[in-house]
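Quick note, the sequences are listed as chains P and R, same order. My numbering puts the first residue of the first sequence at 3, with every later residue one more than the last. My numbering puts the first residue of the second sequence at 1059, with every later residue one more than the last. Just so you know, even glycine gets a beta-carbon here, dropped at the ideal spot from N, CA and C.
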Amino acid sequence: MAETLAPVAPGGGSRSPGRSLSAFLHQRPRLRLSLLLSAPVAWLVVAYLGSLVALFLSAFWTVDTFTGALIREWNLENFRTLVTDSVYRTITLRTLGVAALVTVIDALIAFPMAFAMAKLVSPRARRFLVVAVLMPLWSSYLVKAYAWRVMLGEGGFVDSVFGTTPGYGLTAAVIVLAYLWLPYMILPIYAGLERLPDSLLEASSDLGARAGRTFRKVIFPMTMPAVIAGSIFTFSLSLGDYIAVQIVGGKTQLIGNVVYSNIGAANNLPFAAAFALVPVLIMVGYLMAVRRTGALDEL
Amino acid sequence: MNLSRGARALLRLWLVLGLAVIYVPLLIVLVNSFNAGRTFAWPPEGFTLDWWARAWGNQGARAALWTSVQAALGATAVALLLGTMTAFAVHRYKFFGQRPLSLAVVLPIALPGIVTGIALNTAFRTTLEPLGIGFGLMTVIIGHATFCIVVVYNNVIARLRRVSRSLEEASMDLGADTFQTFRHVTFPAIRSALLAGALLAFALSFDEIIVTTFTAGAGVQTLPIWIYTNLARPNQAPIVNVVAVFVIVLSVIPIWLAQRLSSDGASPTAHTR
């Protein structure tokens, strides 16, 4: 196409190198595609996925307990420890429980908020509210976790306003994680509710359904994928967190903390890798389970 | 929907309370940065600008800020390039492995940060160190870019889906070559999406701590790492407050700008860590 039009362009006789290259590329879509893909594929697929595979493989190695040297021999020792040692079973179950609890708390807080944002306020206020929810999402994770440490301390804000504080421990960890990930739940639910046409709700009420019934039969089934999309974030982020837990969790140990201490203090990378695979497997399982609900398209 | 007046009021109240809970901790940090007392007991003991002055003179914090800016700029540049290339490839072509590729873009933020962190850490140790490339600013940039690609990708592909291809075809029909079309037609159409993606990538990198922990060398300290190490030192706490407020303001500005630039900027949750 560009070939036939070339004479129209200025300097039609002798074609510039740019124009020749352009024509050359234009006729070769496969080449253009490979040029576009080479760098991202090299980076993401080779380097990043490669690293993940390397991590996966190192989970099957062990460490010499005396010298600390890696023993690159294929064995299932790490996984055996994970399954049989009750300490790790407890930590895994605790982490799962925390992640599930955080997700439920966030869903319960976020749904009414998102509903009010999407269906009750004016479009102007709506835009403002979206930014208001989005901004703290971006203001430093560390600062927010730290703010809670200050607030939960004895004589801190929570203590002086409510007369008591949960202190640092498992409860504090759940509160802070639920706080940190709340915007990740509000935004997908809001997006889901905003897409839900008001006319459907009106039709439901015209047909005689009261608010509760409309919610059960119309709103909830249609926004379920959005809630699940939000839960993917709250769940995954809770499964892997160790910093917030270190800051406010007291002695609480979650999977992330054990992984971290095995890389650092204990210098047992293979075991850290094996334990890190647990949240990955849980997430992959969760993603598979919710794939058919259409939640992944809402991400 | 025929919600009773009471129900409406209740929902609105819930929204206001929810937002209050979201903002209270941030306000407390702000107030405490002016708190004369060292213990941050509530209510504050008095007003002082002392901590702000001291934070300003703190060499460690300044150096960390500069490191963070460098890392974020580097990661943003890489993410901008790779994210845009991927978005164009996925949007304009059909190819084998398209779906796995778009999954690979999302994976670095969908998996817990600690997994990404140790995976990259192991890979760097086994591949880069034998080549004589140690952990440093470069490895931080590589680590950050990996999870920043997705925000650029999401913004650009969302825009590409809205821009009509007929404009480009018209440009080609009028005799413009591929590069002229890109410069004069395609690029202006996606410019604000690129800017929004870049701002979000910058903010994402600026705030990242977990991946940084695993990819930074001993001498490289970003601002989040500086905050984290100084949290443990009680006499540094007031200065940490000031730096925290500074970080909030510094990361909120790009987000606010990005939000204004692209109200369509993919799904809002695509901007995750």
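Under 6 Å Cβ to Cβ from L1131(R), same chain only, skipping five residues before and after it: list those, please. none
Just list the beta strand (DSSP E) runs in the segment 128-174 of chain P, keeping only unbroken ones of 3 residues or longer that don't cross its boundaries, in chain order. none
Just mark G258(P) as buried or exposed, buried being the case when its beta carbon has 16 or more other beta carbons within 10 Å. buried
Put L1061(R) into one of helix, strand or coil per three-state DSSP. coil
Using a threshold of 8 Å, state whether the C-beta atoms of T1273(R) and I1283(R) are closer than that. no
Using beta carbons (cut-off 8 Å, strictly below), is W1109(R) in contact with chain P? no
Spell out whether any CB of chain R is found under 8 Å from the CB atom of M115(P). yes
Euclidean distance between Cα positions of A1078(R) and P114(P): 15 Å
Burial state of A120(P), where buried means 16 or more other Cβ atoms lie within 10 Å: buried
Using a Cβ-Cβ cut-off of 7 Å (strictly less than) and excluding sequence neighbours within five positions of V1243(R), which residues of its own chain qualify? L1225, E1226 and S1229
Would V145(P) and V1127(R) qualify as a contact pair, given that the criterion is a beta-carbon distance under 8 Å? no
How would you list, in chain order, the residues of chain P whose beta-carbon sits under 7 Å from the beta-carbon of G1171(R)? G242
Beta-carbon within less than 6 Å of A1162(R)'s beta-carbon, same chain only, minus the 5 sequence neighbours each way: which residues are those? none
Inter-residue spacing [alpha-carbon to alpha-carbon] between G1334(R) and M187(P): This structure does not reach residue 1334(R), given that chain R is present from 1059 up to 1331, and the question cannot be answered.
How about V104(P) and T225(P): are their beta carbons less than 8 Å apart? no
Taking C-beta pairs closer than 8 Å, name the residues in chain R that K146(P) reaches, listed in chain order. P1083 and L1084
If we cut at 8 Å on Cβ distances, does L1252(R) have a partner in chain P? no
Option nearest A1145(R) by Cα separation, candidates T92(P), V160(P) and V43(P): V43(P)
What's the C-alpha gap between L1061(R) and L1075(R)? 20 Å
Chain R beta carbons: is any one of them nearer than 8 Å to that of F159(P)? yes
According to DSSP, which residues form a beta bridge with N1293(R)? Paired residues: none, contrary to the question.
The alpha helix (DSSP H) spanning E1227(R) covers which residue range? R1223 to D1231
Nonlocal neighbours in the same chain, by C-beta distance under 6 Å from A1111(R), ignoring five residues either side: none
Between P199(P) and V135(P), is the Cβ-Cβ spacing less than 8 Å? no
Return the chain-ordered list of same chain residues with a C-beta closer than 6 Å to the C-beta of T167(P), the five sequence neighbours on each side being excluded. L154, V160 and D161
Give the DSSP bridge partners of N1093(R), in chain order. F1105(R)
Using 10 angstroms around the beta-carbon of G1141(R), count the other beta-carbons present and answer buried if the total reaches 16, otherwise exposed. buried
Leaving out five residues on either side along the sequence, give the residues of the same chain with a beta carbon under 7 Å from the beta carbon of S207(P). T216
Show which residues of chain R have a CB atom less than 9 Å away from the CB atom of Y288(P). None at all; the shortest Cβ gap to chain R is about 11 Å.
Please confirm whether G1201(R) and L1218(R) have their CB atoms less than 8 Å apart. no
Across the segment 124-139 of chain P and the segment 268-281 of chain P, are there enough close Cβ pairs to call them in contact, namely three or more that are closer than 8 Å? no
Three-way DSSP call (helix, strand, coil) for T69(P) in this model: coil
Report the neighbours of R21(P) on chain R: residues whose CB is nearer than 7 Å to its CB, in chain order. D1235
Contact check, T1134(R) vs S1263(R), beta carbons under 8 Å: yes
Please determine whether the Cβ atom of L95(P) lies at a distance below 7 Å from any heavy atom of the ligand ADP. Although the ligand ADP was asked about, the structure shown includes no ligands whatsoever.
Once the 5 residues before and after P1199(R) are set aside, which same chain residues still bring their CB inside 6 Å of it? Before going on, a small fix: residue 1199(R) reads as Ile here, not Pro. So the qualifying residues of the chain are A1129, G1132 and A1133.
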